[in-house]
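This report refers to the structure that appears directly beneath it.
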């Protein structure tokens, strides 16, 4: 089943979307919003699944689905916590900062609590007030949980994953070192993330979803050119069950909690940092990694962080070669333009 | 105006509470929940104020208000970010860890993004799965904002403070050093915070609310004895406007964002760390400070962190000597008891 929230008010309007993302059916008679559906998931899930089945059988009234009309599936959420499951990314980014990777990072997940009071829709521009902040994309997998009891095991945590999607976890790289130095996590260096147009239930992914990992390539184009083709199911040190359990060690989690995988990242077969797509490699899911690899090769980074006018596309194709979650497609714009667009 | 949410479902039922906290009137015809009221604050605020006026004039049906029936005013929120405005606290806690205080901490606020998917009600027990985690209270002031545009100034930010209240920001002290070392902030060391039974509008505080500071003593009793009497308006390095502006530097804030002051903390007049209340001082708003002062005096801490059976009370008296926000009153219980109590 695929779910989306059409833009309407602060929380959107819940719809069920066809497998090919061409059609939708209104679902507000079951739950007005996705959060309301998740609040009563044992009751709403079977009703929504029946609706999705009817939609795919063309048995009910349907409307054309346009990804540009979709808000973030949860336009705001009660929790957003982002892990760093691909330790290759962490190692590269730290090397770029000249910092060593502690051995414990291979066994104890990094995770930060992020702002969840407002996500960007998949086609919303990225507002950037100051280019010197070093704006970067981070392409990631996210899961949305039902209620989770404190102390859940990683294995049992997988049963609490209701939905899966993609995010662009926008990061302001040049603000990160100072915030890391304070130890209190990211407040200013992580503005609003963008979410894929649709989130899907695990069964929708078939065999590609196993052991808390999603076995497809996460595709990133930057300014119209292939930039990242990393395999999300490979070199994921911590699966999604481990990340959910990490967050739930000392507290329960409310329904609608969104947990991110961290930037998807692969090494090259020879164990070196991945090569650019243009050089036959799998590329990168953020600019910071490419800059690190450039620094290793040339002594300094060549690729600049995102500036006004740059654009990023993030998506994941299924076995049929079509995007499973729709496409995140964002341009960087000055802050004022964005504010006017949203008024 | 004083607002509360009576326990009902996930988000409570909005009520207006009389100034003396003795009576309430249902406000669900104006907005079903406090979040809904904040989402449309320009429209709902005058209606709620009219209702509060009628309640205080006994002009409408009213019911007895019992603080034990109140949930957190926002039982869950889209954002909770906690500052450290009382740098004396930060300095003491760091000295307790043997860490220096960087000079920048006096000009650049510390702030972490906290979990907001579920707060404890003022009378809910604190569930503690493992006493070795070092459970501590942190008594703080909180403000709730309306929508805030990115880049707001500290002065203008004050106009976006809709409500003021108290919190017990429960902390697991022995999990903090490892999380600080990772730099990603607090995920496991900050379980659910408890909120005061009522939040109030700034005008309700009269002259005690000036310049983004609340000029009353924040009172803390621990196991029935006076523990903290720190003046919340004194030695607050960053006022609430500065904290709101800090969070809004790179992103807008959604209505219902809760921002905390950090642990309220005063030095002694001779500039030494404050003395215990029993010794004529203003005491402490958390156990960690008392342990630090003990370490200075005796070479090691004497007071243990909270264990099952310990209890804490947090409140603030107004000019009339009565609690403004009601009283946070919590016992520490084993995790299982708490889970059963909530079932």
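Protein chains in written order, with UniProt numbering: chain V, 1 to 343; chain A, 1 to 343. Note that the Cβ used here is the ideal one computed from N, Cα and C, for glycine as well.
Name the DSSP beta bridge partners of residue 306/V, please? 135/V
Whose C-alpha, out of 74/A, 2/A, 280/A, is nearest the C-alpha of residue 24/A? 2/A
Cβ shell of residue 182/V (< 6 Å), same chain only, five flanking positions each side left out: none
Which residue spans inside the stretch 153–190 of chain V form an unbroken alpha helix (DSSP H) run of at least 4? 154–157, 176–182
Mind checking whether residue 113/A and residue 185/A have CB atoms under 8 Å apart? yes
Does any CB atom of chain A fall closer than 8 Å to the CB of residue 34/V? no
Consult DSSP for residue 227/A and reduce its assignment to one of helix, strand or coil. strand
Does the distance from the C-beta atom of residue 27/A to that of residue 48/A stay below 8 Å? yes
Measuring CA to CA, which of 222/V, 269/V, 205/V is closest to residue 317/V? 205/V
Starting from residue 111/V, trace the beta strand (DSSP E) in both directions and tell me its first and last residue. 111–114
Does the structure place the stretch 153–160 of chain A close enough to the stretch 185–200 of chain A that three or more beta carbon pairs sit under 8 Å? no
With distances taken from CA atoms, which of 192/A, 284/A, 309/A is nearest residue 75/A? 192/A
Tell me whether residue 104/A is buried or exposed, calling it buried when 16 or more other Cβ atoms sit within 10 Å of its Cβ. exposed
Mind checking the stretch 183–196 of chain V against chain A and listing, in chain order, the residues whose C-beta falls within less than 9 Å of any C-beta there? 183, 184, 185, 186, 187, 188, 189, 190, 191, 192
My understanding is that residue 228/A touches residue 309/A, with C-beta atoms under 8 Å, so please give their C-beta distance in whole angstroms. That pair is no contact at about 20 Å.
Tell me the residue span of the alpha helix (DSSP H) that contains residue 50/A. 41–56
Take every Cβ of the stretch 52–72 of chain A, pair it with every Cβ of the stretch 9–24 of chain A, and state whether three or more of those distances are shorter than 8 Å. yes
Within a Cβ cutoff of 8 Å, which residues of the same chain sit near residue 248/A, ignoring the five residues on either side of it in sequence? 148, 149, 150, 151, 152, 157
Can you check whether the C-beta of residue 153/V is within less than 8 Å of a C-beta belonging to chain A? no
Option in 30/V, 263/V, 194/V with minimal Cα separation from residue 230/V: 263/V
So if I threshold CB-CB distances at 8 Å, which residues from the stretch 65–83 of chain A count as touching chain C? The structure shown contains no chain C; its protein chains are V and A.
If we define contact as Cβ-Cβ less than 8 Å, is residue 117/V a contact residue for chain A? yes
With respect to the beta strand (DSSP E) encompassing residue 329/V, which residues constitute its N-terminal and C-terminal limits? 328–334
Using the Cα positions of residue 125/V and residue 143/V, report the straight-line distance between them to the nearest angstrom. 23 Å
Just to make sure I have the definition right: I need the residues of chain A whose C-beta is within less than 7 Å of the C-beta of residue 150/V. Which are they? 129, 335
Quick one: does residue 137/V have its CB under 8 Å from some CB of chain A? no
Quick one: what does DSSP say residue 273/V is sitting in, helix, strand or coil? strand
Which word fits residue 270/V, buried or exposed, when buried means at least 16 other C-beta atoms lie within 10 angstroms of its C-beta? exposed
Between the alpha carbons of residue 58/V and residue 31/V, how many angstroms are there, rounded? 21 Å
Considering only residues of the same chain and omitting the five flanking positions on each side of residue 285/A, which have a CB-CB separation below 7 Å? 138, 139, 218, 220, 228, 230, 263, 264, 265
Would you please verify whether the beta carbon of residue 7/A is less than 8 Å from any beta carbon of chain V? no
Which partner residues does residue 235/A have in the DSSP bridge list? Partner(s): none; residue 235/A has no beta bridge.
Any contact of the stretch 126–137 of chain V with the stretch 169–181 of chain V, i.e. 3+ C-beta pairs under 8 Å? yes
When you check each C-beta in the stretch 250–266 of chain V against every C-beta of chain A, which residues fall closer than 7 Å? 250, 251, 252, 253, 254, 257
Can you find the residues in the same chain that come closer than 7 Å, C-beta to C-beta, to residue 53/V, ignoring five residues on each side of it along the sequence? none
Run through the DSSP bridge pairs and tell me what residue 2/V is partnered with. 17/V, 200/V
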